[in-house]
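Numbering (the working numbering), first residue to last: -15 to 144. Yeah, the Cβ is synthetic: ideal placement off N, Cα and C, and Gly gets one too.
Take a look at the structure:
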């Protein structure tokens, strides 16, 4: 298995049929269920405008997942900022970790020179990875290393 890390961001394409909360719950539930079955780990952040996500796992599985994300109408203007082979996982504890609103988010925006708020277009792939890892590690609003059944719901979450 060739372990790789993929980092991307996208703009949120608001769904006409559901709201932000419903879209996020659906995205997270699908990611947790699908990723744990494929050996993919990662982290996701969201601020009503942008998604930022890191995916780690077997190169083929990560690539297939990214292709699926590219076809998801909730994402637009998807930008791949980094894809590289890695020796170990940073997000190994989570099939998908999610970080929500926190004071830490505001502090990190300042640290990365984002005084006007989270803007992944102004971040490198490694900075976006570190940003997401710090938030997910500290916040852990919705994290799972287990499969979520079709009838189970994702727990509480907050937007950035």
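Which class does residue i belong to by DSSP, given the choice of helix, strand or coil?
i, result
"residue 120", "helix"
"residue 115", "helix"
"residue 24", "coil"
"residue 48", "helix"
"residue 102", "coil"
"residue 3", "coil"
"residue 74", "coil"
Which residues share a DSSP beta bridge with residue i?
i, result
"residue 69", "-12"
"residue 29", "36, 83"
"residue -4", "59"
"residue 41", "-12"
Are residue i and residue j closer than 8 Å when you measure CB to CB?
i, j, result
"residue 69", "residue -3", "no"
"residue 34", "residue 96", "no"
"residue 30", "residue 64", "no"
"residue 37", "residue 27", "yes"
"residue 92", "residue 75", "no"
"residue 80", "residue 15", "yes"
"residue 106", "residue 98", "yes"
With a threshold of 7 Å on Cβ separation, who are the neighbours of residue i within its own chain once the five nearest residues in sequence on each side are excluded?
i, result
"residue 43", "-14, -12"
"residue 112", "-9, -7, 36, 65, 104"
Here's a check: name, in chain order, each residue in its chain whose Cβ is nearer than 6 Å to the Cβ of residue i, leaving out the five neighbours to either side.
i, result
"residue 73", "25, 40"
"residue 60", "-5, -3"
Where does residue i land, buried or exposed, given buried means 16+ other C-beta within 10 angstroms?
i, result
"residue 51", "exposed"
"residue 13", "buried"
Identify, in the order they occur along the chain, each residue of the same chain with its Cβ nearer than 8 Å to the Cβ of residue i, setting aside the five sequence neighbours on each side.
i, result
"residue 45", "22, 23, 24"
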